[in-house]
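Okay, so the sequence shown: first residue is 13 according to our numbering, each after it adds one.
Just so you know, even glycine gets a beta-carbon here, dropped at the ideal spot from N, CA and C.
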Amino acid sequence: MNFSLSQRDQQHIWHPYTPMKLRPTAIGLVRGEGALLFDENGKSYIDAVSSWWVNLHGHAHPVIAEAIYAQATTLAHCMFAGLTHEPAVQLAEDLLAVLPNNMSKIFYSDNGSCATEIAIKMALQAFHNQGQSRRTIVALEGSYHGDTFGAMAASERGLFTAPFNDKLFDVAFIPVPTADQAQHSLDALIQILDQNDVAALIVEPLVQGAAGMQMHDARALDALFKAAHAHGAYVIADEVMTGFGRTGTLFACEQLSEAPDFMCLSKGLTGGTLPLAVTACTQRVYDAFYSDDLTHAFYHGHSYTANPIACAAAVASLKLLLTPESHAQREQLRCSHANFASHIANHPRIDNVRHCGTILAMTVRTVTGNTYLSSERDRIYHYFLERGILLRPIGNVLYLIPPYCITDAQLTHIYDTICTFLDQDSTADLAIV
Ligand SMILES: *Cc1c(COP(=O)(O)O)cnc(C)c1O
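Set out below in C-alpha cells:
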C-alpha cells in the first residue's frame with residue numbers, strides 16, 4: 013500500500029496556523045521552479061503569496077542553491093560568540109551599504125519574531141544601561157510583530173494572542189497613521205510620549221501585513237517617527253515583510269525622511285530559502301552597550317545565530333535583488349498591479365482595492381463579516397487553488413505578493429481568475445448584502 017505525502021503527513025505532523033481537525037489535508041509538494049510549486053499528483057500552482065511572503069526570485073533558484081552548496085561544503089556552521097566567518101561579515105557589509113545611512117551594526121538571529129523581540133530588548137536595555145527607566149513600548153493598532161511572547165506583546169490583542177493575553181506585557185496602542193486619521197494618531201502618540209516613559213515605538217512601515225495588507229500614509233508615519241525622536245524614544249521599523257523591494261523601494265523606510273533606530277529583517281533576507289534574521293541598529297544604540305561594565309552587555313543569542321549557509325544564501329539573494337533585471341521585474345509588477353487595481357476599483361463585490369509596490373490587496377464583501385475565521389476565506393482559497401493559484405486570504409482580504417520572477421502570463425491568469433471569481437460568484441450573497 014502506497015500512502016501519499018498528504019496521508020503520511022496527517023499521521024505525524026502538526027501544521028502552523030492550522031485548525032488540524034477542520035483543515036487536515038496539506039498539499040504534498042515535490043518541487044518548485046520560478047513562481048510555480050508542483051504537487052505529488054503533477055498539478056502546478058502559481059505561488060501568488062511567495063510562500064508566506066519570503067520568496068523573492070522564484071523557487072529553487074540555481075544561483076542561491078549553488079551558494080548554499082559551496083558554503084555547506086566549506087563551513088556549514090559554527091557558534092557565533094568568539095568566532096566569525098566570511099558570509100556573516102560579507103552580508104553585514106552588503107546590508108549596511110543598502111540600509112539607511114544611520115544603520116551601523118548588524119545583530120543576527122533566525123526568524124522575524126526574534127528580530128523584533130531583540131530590537132525591543134535592546135531598546136529597553138539601552139535605557140537601563142544608561143540609568144534611565146523608560147519602560148513603555150508603543151505599537152500601532154492592528155500590528156503584528158511575531159509569535160514569541162515579546163513579539164506577541166507588541167502585537168494587536170486578538171484571535172492569535174487571546175489564550176496568552178494575561179501573560180503579555182502592557183503595550184500602548186495608537187491608531188494607524190492613515191491619511192484620514194493622521195492627526196488622531198499623532199495626538200495619541202504625543203499624549204503617551206509626554207509621560208517620558210517611552211523606550212520605543214515599533215511599526216510595520218507603510219504596510220501592516222498580518223492585519224490584512226492594510227496600508228497607511230508615509231507622511232503621517234514620518235510625523236510619528238519625528239515625535240518619538242523629539243521625546244528621546246527609539247523607533248523600531250519592523251521590515252520583516254516590507255523589506256527587500258516589496259513596497260517599491262528596497263526598504264519601506266526609504267520613503268520616509270526620518271530614519272528609524274532599529275530595522276528588523278527576515279522573510280526575504282535569504283530570498284526565501286533558509287531561516288535568517290537581522291536586527292540592525294544605530295551607533296548610538298550600540299554605544300549604550302559598549303562599556304567596561306560587564307553587566308552592560310547584550311546577553312542574548314541563539315544556537316544558530318548567523319548560520320554561515322543562511323548568510324551565504326542571503327549574500328547571493330541580495331546580489332540578485334540589486335541587478336537591473338530584478339529592479340525591472342519589480343517595476344513591471346508595480347505597474348501591472350496599478351493597472352489592474354484601477355480596472356477593478358469600482359467592482360461592487362470589493363472594497364478598498366489597495367496597492368503598494370509589488371503588493372496588491374482588496375477586501376471582498378461578505379455576509380458573514382470580516383473576521384479571520386470567516387468562511388469566505390476558505391471559499392476564496394479553494395476557488396483559486398482549483399484553478400492552479402495558491403493564495404492565503406486573511407479573512408476576506410484577498411491579496412497578492414508574488415515572487416518578482418512571476419511571468420506576465422501567470423500574472424494575467426491570476427488577474428483574470430480574480431475577475432471571474434468576483435463576477436460569477438456574486439449574486440447569491442449580494443442579494444442579502
Ligand atoms: C512574519 C512577520 C514577523 C514574524 O516573522 P517570523 O519569521 O514568522 O517569526 C514579524 N513581523 C512582521 C511584520 C511579519 O510579517
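| field | Limits of the unbroken alpha helix (DSSP H) element including CYS347 | value | Here the question's residue 347 lines up with position 335 in the sequence shown. It spans 336-356 - the alpha helix (DSSP H) in which CYS347 sits, taken as one unbroken run.
| said: Quick check on LEU288 - is its C-beta less than 8 Å from some C-beta in chain D? | reply: As a matter of chain content, chain D is missing from the structure shown, which is built from one protein chain.
| field | ILE248 to PHE172 span [Cα, whole Å] | value | Here residue 248 refers to the residue found at position 236 when the sequence shown is read from its first residue. Here residue 172 refers to the residue found at position 160 when the sequence shown is read from its first residue. Cα to Cα, the separation comes out at about 22 Å.
| query | Residues in its own chain within less than 8 Å of LEU233 by CB, not counting five upstream and five downstream? | reply | Locating residue 233 in the sequence shown gives position 221, where the first residue counts as 1. Residues of the same chain with a CB within less than 8 Å of the CB of LEU233, apart from the 5 flanking positions on each side, are PRO189, VAL215, PRO217, LEU218 and LEU268 in chain order.
| said: Measuring alpha carbon to alpha carbon, tell me which residue in ASP435, HIS425, THR424 and GLY407 is nearest TYR29. | reply: Against the sequence shown, residue 29 aligns to sequence position 17. For the set ASP435, HIS425, THR424 and GLY407, the Cα lying nearest the Cα of TYR29 is the one of GLY407.
| message | So if I measure from each beta-carbon to every heavy atom of ligand 1 and keep distances below 5 Å, which residues remain? | response | One residue after another in chain order, those with a Cβ under 5 Å from a heavy atom of ligand 1 are ASN123, GLY124, SER125, HIS157, GLY158, GLU216, GLY221, ASP250, VAL252, MET253 and SER278.
| query | Between the C-alpha atoms of ARG20 and ILE39, what's the straight-line distance to the nearest angstrom? | reply | Within the sequence shown, residue 20 is the residue found at index 8, counting from 1. Within the sequence shown, residue 39 is the residue found at index 27, counting from 1. Those two C-alpha atoms are separated by around 11 Å.
| query | Beta-carbon separation of ALA138 and VAL297 under 8 Å? | reply | Within the sequence shown, the letter at position 126 stands for residue 138. Within the sequence shown, the letter at position 285 stands for residue 297. By the CB criterion at 8 Å, ALA138 and VAL297 fall inside the cutoff.
| query | Taking only runs of the beta strand (DSSP E) that begin and end inside the stretch 123-148, which ones reach a length of at least 3 residues, in chain order? | reply | Correct list: empty.
| query | Between LEU180 and the rest of its own chain, which residues show a CB-CB distance below 8 Å, the 5 nearest in sequence each way excluded? | reply | Start at 1 with the first residue of the sequence shown, and residue 180 comes out as number 168. Cβ within range, chain order: PHE161, MET164, ALA165, ARG169 and THR173.
| query | Which residue from ALA200, ALA191 and ASN177 puts its Cα closest to that of LEU185? | reply | Position 173 of the sequence shown, counting from 1, holds the residue named residue 185. The amino acid at residue 185 is misidentified as Leu; the sequence shows Phe. Of the candidates ALA200, ALA191 and ASN177, the residue whose Cα lies closest to the Cα of PHE185 is ALA200.
| Residue from THR419, LEU434, ASN113 and HIS312 with nearest C-alpha to THR378 | Taking the sequence shown and counting its residues from 1, the one referred to as residue 378 is at position 366. Of THR419, LEU434, ASN113 and HIS312, the residue nearest in Cα terms is LEU434.
| query | When the Cα atoms are used, what is the spatial distance from TYR427 to HIS359? | reply | Numbered from 1 along the sequence shown, position 415 holds the residue referred to as residue 427. Numbered from 1 along the sequence shown, position 347 holds the residue referred to as residue 359. If you take the alpha carbons of TYR427 and HIS359, they lie about 13 Å apart.
| DSSP three-state assignment for ALA47, whether helix, strand or coil | Along the sequence shown, one-based indexing puts residue 47 at 35. Correct three-state label for ALA47: coil.
| said: Just to confirm the assignment, what range does the alpha helix (DSSP H) spanning CYS431 have? | reply: Sequence index remark: in the sequence shown, residue 431 carries index 419 (1-based). Here the alpha helix (DSSP H) through CYS431 covers 420-436.
| Start-to-end residues for the alpha helix (DSSP H) that takes in SER387 | Taking the first residue of the sequence shown as position 1, residue 387 is located at position 375. Note, SER387: alpha helix (DSSP H), 387-398.
| query | Quick one: is ARG361 buried, meaning 16 or more other Cβ sit within 10 Å of its Cβ, or exposed? | reply | Taking the first residue of the sequence shown as position 1, residue 361 is located at position 349. By the neighbour-count criterion, in which 16 or more other beta carbons inside 10 Å mark a residue as buried, ARG361 falls on the buried side.
| field | Closest by C-alpha distance to ARG342, when choosing among THR424, LEU262, ASP363 and ALA325 | value | Reading the sequence shown from its first residue, position 330 is the one you call residue 342. Ranking THR424, LEU262, ASP363 and ALA325 by Cα distance to ARG342 puts LEU262 first.
| said: Quick check: does the Cβ of THR96 come within less than 7 Å of any heavy atom belonging to ligand 2? | reply: Ligands in the displayed structure: ligand 1; ligand 2 is not one of them.
| What three-state label does DSSP hand ALA443 in the structure shown? | On the sequence shown, residue 443 is found 431 positions in, with the first residue counted as 1. A caution first: ALA443 carries a pLDDT of 36, below 50, which makes its placement in the model unreliable, though a value can still be read off. The answer is helix: DSSP assigns ALA443 an H, G or I state.
| Residue range of the alpha helix (DSSP H) that includes GLN101 | Numbered from 1 along the sequence shown, position 89 holds the residue referred to as residue 101. Checking the sequence, you will find Val at residue 101 rather than Gln. Per DSSP, VAL101 belongs to the alpha helix (DSSP H) from 98-110.
| Own chain partners of HIS243 with C-beta closer than 6 Å, once the 5 adjacent residues on each side are dropped | Taking the first residue of the sequence shown as 1, we reach residue 243 at position 231. These residues qualify, in order along the chain: LEU205.
| request: Since I believe PRO415 is in contact with LEU68 (beta carbons under 8 Å), could you give me their beta-carbon distance rounded to a whole number of angstroms? | output: Taking the first residue of the sequence shown as 1, we reach residue 68 at position 56. Taking the first residue of the sequence shown as 1, we reach residue 415 at position 403. Correct: roughly 6 Å between the Cβ atoms.
| request: Tell me whether SER197 sits in a helix, a strand or coil according to DSSP, three-state version. | output: The residue you call residue 197 lines up with position 185 of the sequence shown. Per DSSP, reduced to three states, the secondary structure at SER197 is helical.
| said: Pairs of beta-carbons, one from the stretch 90-110 and one from the stretch 54-65, closer than 8 Å: are there three or more? | reply: They do not touch, by the three-pair rule.
| Around the Cβ of THR375, are there at least 16 other Cβ atoms within 10 angstroms (buried) or fewer (exposed)? | Residue mapping note: residue 375 aligns to position 363 of the sequence shown, counting from 1. Counting Cβ neighbours within 10 Å, THR375 comes out buried, since at least 16 surround it.
| request: Leaving out five residues on either side along the sequence, give the residues of the same chain with a beta carbon under 6 Å from the beta carbon of GLU129. | output: To locate residue 129, count along the sequence shown from 1; it is residue 117. Result list for GLU129: THR160, GLY162 and ALA163, in chain order.
| said: For a quick check, are the C-beta atoms of LEU472 and ILE392 less than 8 Å apart? | reply: Because the chain spans 13 through 445 in this model, residue 472 falls outside it and cannot be assessed.
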